[in-house]
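J.: Protein chains in written order, with my numbering: chain A, 5 to 276; chain B, 225 to 542; chain C, 266 to 580.
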Amino acid sequence: MTRAINLRIGAGLVLVLTVAALLSLVWTPYDYTVLSVTQKFRPPSADHWLGTDQLGRDVVSLLMAASVNSLAVAFISVGIGGSIGTALGLTASAFGGWVETVIMRVADLGFAFPALLFAIMLAAAFGPSLTNAILAIAFINVPIFTRVARGAANQIWTRDYVLAGRAAGASQFSLTIDHVLPNISATLIVQATIEFAVAILAEAALSYLGLGAQPPMPSWGRMLNEAQTLMYLAPQLAIYPGLCIIAAVLGFGLLGDGLRDISDPRLARARA
Amino acid sequence: MIEAENISVAFGEAEALRRVSLSLRPGERLGLVGESGSGKSMLGLALMGMLPEAAQMTGRLAIDGHDLSRATDNEWRDMRARKVAMIFQEPMMALNPLRRVGDTVMEPLRLHLGLSKSDARRRALELFEETGIQEPEEKLRQYPHELSGGQRQRVLIALALACDPGILIADEPTTALDAHVALRITDLLTRLARDRGMVLVFISHDLAAVARTVETVAVMYGGEIVEKGPVAQVLSDPRHPYTKGLLHARPTITGGELRKRLPMIPGNVPALADLPHGCRFSGRCSVELPQCAEVRPALLGIGGLRACACHHVPEVVE
Amino acid sequence: MQVFLIKRTLGFLTTILAISVIVFLVMNVLPGDPSVTILGIDSSEDARAALRAQLGLDDPIWQRYLHWIWGVAQGDFGTSYFFRVPVGELIAERLPLTLSLAAFGTLATVVLGIVLGVIAAANHGRAGDWIIMLLSQLGIAIPAFWLSMLLVLLFAVKLRWLPPGGFPGWDEPVAALRSLILPTTALALVQSAVLARVTRSSALEVMRLDFVRTARATGMTRGRILGRHILPNALVPIVTIVGMQVAAVVTGTIVIENVFYLPGLGRLVFQSISNRDLFTVQALVVLFAAIVVTANFLVDIAYVLIDPRLKGRLS
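#1: Can you tell me which of the three DSSP states Lys452 of chain B falls into?
#2: Along chain B, which residues have their Cβ under 7 Å away from the Cβ of Pro573 of chain C?
#3: Would you kindly work out how many angstroms separate the C-alpha atoms of Ile381 of chain B and Leu407 of chain B, rounded to a whole number?
#4: Going by the CB atoms, is the gap between Asn10 of chain A and Asp261 of chain A shorter than 8 Å?
#5: Where does Pro38 of chain A sit, in a helix, a strand or coil, going by DSSP?
#6: Closer than 9 Å by beta-carbon distance: list the chain A residues that pair up with Thr464 of chain C, in chain order.
#7: Would Trp411 of chain C pass as an interface residue toward chain A - the criterion being a Cβ-Cβ separation below 8 Å?
#8: Out of B:Ala279, B:Leu248 and B:Arg253, state which residue places its alpha-carbon closest to the alpha-carbon of Phe235 of chain B.
#9: When the Cα atoms are used, what is the spatial distance from Gly484 of chain C to Ala433 of chain B?
#10: Nearest by alpha-carbon distance to Val110 of chain A: which of C:Gln536, C:Trp411 and C:Thr279 is it?
#11: Consult DSSP for Ile532 of chain B and reduce its assignment to one of helix, strand or coil.
#12: Could you tell me if Arg294 of chain B is buried or exposed, where buried requires 16 or more neighbouring beta carbons within 10 angstroms of its beta carbon?
#13: Assign Ile326 of chain C to buried or exposed, taking buried as 16 or more other Cβ atoms, counted over all protein chains shown, within 10 Å of its Cβ.
#14: How big is the Cα-Cα spacing for Leu491 of chain C and Ala270 of chain B?
#15: Determine, using beta carbons only, whether Ile266 of chain B comes closer than 8 Å to chain C.
#16: So, is Phe342 of chain C buried or exposed, given that buried needs 16 or more other C-beta atoms within 10 angstroms?
#17: Since Val558 of chain C is in the alpha helix (DSSP H), which residue starts that stretch and which ends it?
#18: Under the DSSP definition of a beta bridge, which residues are partnered with Gly525 of chain B?
#19: If the criterion is Cβ atoms closer than 8 Å, does the pair Leu413 of chain B and Leu424 of chain B meet it?
#20: Please look up how many angstroms separate the CB atoms of Phe296 of chain C and Phe130 of chain A, rounded, as I've assumed it's under 8 Å.
#21: Which residues of the stretch 520-533 of chain C have a Cβ closer than 7 Å to any Cβ of chain A? Give them in chain order.
#22: Short of 8 Å in beta carbon distance, which residues of its chain neighbour Val504 of chain C, apart from the five on each side in sequence? Order them along the chain.
#23: Please state if the CB of His464 of chain B and the CB of Cys534 of chain B are separated by a distance shorter than 8 Å.
#24: Please state whether DSSP places Thr282 of chain B in a helix, a strand or coil.
#25: Are the C-beta atoms of Phe312 of chain B and some chain C residue less than 8 Å apart?
#26: With DSSP collapsed to three states, give me the class of Val519 of chain B.
#27: For Phe143 of chain A, which three-state DSSP category applies?
#28: Would you identify the three-state DSSP class for Leu246 of chain B, choosing helix, strand or coil?
#29: Run the proximity test for Ile490 of chain C: is its beta-carbon closer than 7 Å to any non-hydrogen atom belonging to the ligand ZN?
#30: Is the CB-CB distance between Gly382 of chain C and Thr464 of chain C below 8 Å?
#31: With C-beta atoms as the reference, is Ile284 of chain C less than 8 Å away from Ala554 of chain C?
#32: Starting from Ala283 of chain C, find everything on chain A with Cβ-Cβ shorter than 7 Å and list it in chain order.
#33: Note down, in chain order, every chain A residue with its Cβ under 8 Å from the Cβ of Met485 of chain C.
#34: For Ser232 of chain B, name the three-state secondary structure that DSSP assigns.
#35: Determine the DSSP secondary structure at Asp327 of chain B, reduced to helix, strand or coil.
#36: Check the C-beta distance from Leu263 of chain A over to Val194 of chain A and give it rounded, since I have them as a contact under 8 Å.
See the structure below:
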């Protein structure tokens, strides 16, 4: 019951966010790239719902444009990291033996590098950029998906129809593609939804620290970075982007939890 | 001493116990038998004040003269261990796995009786000896996983006896044990009850174990006592159709799994909410009368110390 | 038991070594020529050649790695190109602050998380449970750096109770501790949200086990059953999460130090990135990763101490 509520709230937040992001690609209330010294630090009004920032840009427009950045980074990084991780996990599961041992050991090693450390390394070596942030977030997704995919796949390999396919002489590869992958896709999608939330949080942190989105690209994290120096002058600027981050993280988190409960009701009951 | 009058336990509409009455004097040993879902464990929990939160209990219950019909959780807590104690099935997880069993047994001694650490230890050692635990000194220092099932059950008995309760409720204490170990545990319980003048309520579906352990047996079905009397008489000459079926279903002398299905009794125990209004056994009974489903047969004396709740069995007034 | 410890220790050391290789490769090999990274792309070839000669960058890669790791093993992290002092000295100056912040953060996380989780579990299904679960759901979604900003807004800007940032040094212990209150709170609130959820579900699972019924049957109070019987048995998943959280808290200090302008290792990392002080960053990344791995290693050991059944299985 409560889980269904979680799912609905999560789906609602994600929907609003996605619509705002897509809309901003064709329309925002104001052009957020236009600076105006005379319009700076405007309070919320009918013209500017959330006022303007230190450069006279419309805050609503900025937040909308920044949502594209958040979603895109999450999508690309989880996509890359998730694909690589899933491929590794499936390989480990299909071959077993030393291949599995090696892959899982390397995956364990990956857990020693939080996204921030990896981003720091890349920033020091190549200079800070959004690409590096994406790579760093993708990197931390690799071991996570390796573990999840391998764990889920190992269960599928014991199923009758897979054993039958094996007896019929199907190759490990074709069994993986035909039977294992489709059967673990629900688990992977649930994990991806949850990792979306983590990725949005990580992008915000990296951009806040200057290791992610670079000016003039709009990003919630960067907006907070700029707002920090203006805390005495315009504290409201430090509020809105944070609320957006929470809404996005909460949205994907709840959606992921809700999806997991649907895909595995047994788990839901155990957790309730 | 237990006096229970018309104890009913309900979960919403569903009645898990229906007007059960018991009266047990010190030293008396009562067996409660029946299938899973017959209400025998529920009755045991009711006597401990440990019914699930959702349960509604009505009726009068007194232990050693204390009226506990409306007792709060705190009042019950003072009764437990000191007046009434309970041991459970599955000794594997019934003991805290992270604690040395000696510490577990010493806990109520120190807490309830206020014994010092060394006194509690000495007392725990005595209890271990009394419950027949070999090498008690060494066992005190061991963890549950280092003991055998029988030893763990003995530790649980020692724990239950720690504060000298007048009543011991044993809920399926032998079910998880090997047959020969089970035999020794039931003998131990019999001896302890006799030596200590303790009320023993022995809950089991193992008729052979019950026959060895208790004097009186109460057969339960659908939350009611359907037949009651001296154990030898009830087992050799059952009167209630359910008791007859139960006895026919007994697979071996030492008793085995009776939980699933009784071959002589058609069907399964219905869910609580689906039990008939009248005789709970109607619908499965082989000698059913038209009134059985509607009219509840009372538990009436049928001569000697026996009682039976069946429209077929006439009351005998002496 | 001994075999287990030796195996785990060997695994731990191998992991540390593997980490050093990864860090070294990413920072020295991937970018091509480190002298370009340090001096910038508009530097002259002569200057680069001089730097390469000075730092031994023309040696084969495996020699450079061995040279570096041998130094690290002896506590020599190389020389900071920017500060012109040994990196070890830079770290030693700043380590106490970062370690204090991490220790306070972990401590506050553990206390707050376990207490809230236990309260929620004890009130399962009632208002207290709902409120704590709702707050923790929110806590998980809050970025620590944003929470820091809100704390500064409230307690420093509006109420003026606490300093908004900076660190007076350990010579003034009271002021120093005061300046760590907000950073610790920011670190702990977010992390304890996760821990509270894990503690709750773990405690709820243990509550269903038979020995809890046994404890009730021996007349134990609710509080005693919760504290002495349920919590210790719920500890294994809790310790697992705490191990992961130490990692989160340690990397969290990097962020938090930058929010509050605390001169610790986290600030040093960012200064070094903007100073293109490659070897300082390299040393710090290895250090942070090592702390994360060490935390997980200690968790593995802690399991055995918590659960006597494991000890039996291992011997």
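Note that beta-carbon positions come from the ideal geometry of N, C-alpha and C, so glycine has one too.
T.: By the coordinates alone:
#1: strand
#2: Leu322 and Tyr367
#3: Separation of Ile381 of chain B and Leu407 of chain B (C-alpha to C-alpha, rounded to the nearest whole angstrom) is 15 Å.
#4: yes
#5: Position check: residue 38 of chain A holds Val in this sequence, whereas Pro was assumed. Of the three classes helix, strand and coil, the one that applies to Val38 of chain A here is coil, per DSSP.
#6: Near Thr464 of chain C there are no residues of chain A at all, since even the closest Cβ is about 14 Å away, more than 9 Å.
#7: yes
#8: Of the candidates B:Ala279, B:Leu248 and B:Arg253, the one whose C-alpha sits nearest the C-alpha of Phe235 of chain B is B:Ala279.
#9: 28 Å
#10: C:Thr279
#11: Note on residue identity: the sequence assigns Cys, not Ile, to residue 532 of chain B. The answer is strand: DSSP assigns Cys532 of chain B an E or B state.
#12: By the neighbour-count rule (16 or more Cβ atoms within 10 Å), Arg294 of chain B is not buried but exposed.
#13: exposed
#14: Cα-Cα distance, rounded: 23 Å.
#15: Contrary to the premise, residue 266 of chain B reads as Met rather than Ile in this sequence. Taking Cβ atoms only, chain C never reaches closer than 8 Å to Met266 of chain B, which makes this a no.
#16: buried
#17: Leu543 to Ile571
#18: B:Ala531
#19: yes
#20: Strictly speaking, residue 296 of chain C in this sequence is Pro, with Phe absent from that position. 6 Å between Cβ atoms; contact.
#21: Val520 and Asn523
#22: Val564, Ala567, Tyr568 and Ile571
#23: yes
#24: strand
#25: Phe312 of chain B counts as touching chain C.
#26: Three-state DSSP puts Val519 of chain B in coil, outside helix and strand.
#27: helix
#28: strand
#29: The ligand content of the structure shown is nil, which means the ligand ZN is not present either.
#30: yes
#31: yes
#32: Leu113
#33: Residues of chain A passing the Cβ test: none, with the nearest at roughly 26 Å.
#34: strand
#35: helix
#36: 5 Å
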